[in-house]
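Taking it in order: structure first as structure tokens, then the write-up.
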Amino acid sequence: EYKDLLSKGDEAYSQQKYNEAIDCYTKAVVYNPADKNTMLKIANIYKLQGNNSRALDFYDRVLITDSNNTDAIFNKGLVFAAQKKYDGVAIFTDGYGPVPIIPTGFRTPLLWVADCQQSYNDGHEWMEMLPHSRTCWLKE
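Per the working numbering, numbering through the sequence shown is continuous, rising by one, with the last residue being 144.
Spelled out as structure tokens, the structure:
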């Protein structure tokens, strides 16, 4: 039933039936509470719907199971930026992970802080390609 719920959730999402997708994904998480990918899907839908408090709740749930999850960290920053609670967003990273998708019209400055010079060297090119982004590294 778990995989069936995920499939139904994906289908509902593709048809922009977001509440139905959330319902399916939430039921799937009951079967597998450590499924961070499904919790990310739920959080992203809430963010898309403008339900920032629920989005932040689910990003935090992902970060409890995976404190280095770049998708959750980045999207949590986007929610804060959308709420205009910050003048910019600082993202600490090891330089690895998927390149985030920046929403159209996003203008909040991003500061990517690599954990060391090697991480900066490995990842700064994709970080600097993102709009309004700057990069640096922490001196070891």
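Positions of the beta carbon are idealized from the N, C-alpha and C atoms, including for glycine. Fair warning: this is a prediction, and the values are worked out from it, not measured in the lab.
- What are the boundary residues of the alpha helix (DSSP H) that Cys28 is part of? 22–35
- Between the C-alpha atoms of Gln122 and Leu114, what's the straight-line distance to the nearest angstrom? Straight-line Cα distance between these residues: approximately 20 Å.
- Message: Going by the DSSP bridge assignment, what does Phe84 pair with across the sheet?
- Response: According to DSSP, Phe84 bridges with nothing at all.
- Message: Tell me the rounded alpha-carbon separation between Lys143 and Leu82.
- Response: Taking the CA atoms as reference points, Lys143 sits about 27 Å from Leu82.
- Can you have a look at Phe96 and say buried or exposed, based on whether 16 or more other CB atoms are within 10 angstroms of its CB? exposed
- Excluding the five sequence neighbours on either side, which residues of its own chain have a C-beta within less than 7 Å of the C-beta of Tyr50, listed in chain order? Arg58, Ala59, Phe62
- Item | Length at least 4, wholly inside the region 80–141: the alpha helix (DSSP H) runs in chain order | 121–133
- Do Ala16 and Ala25 have their C-beta atoms within less than 8 Å of each other? yes
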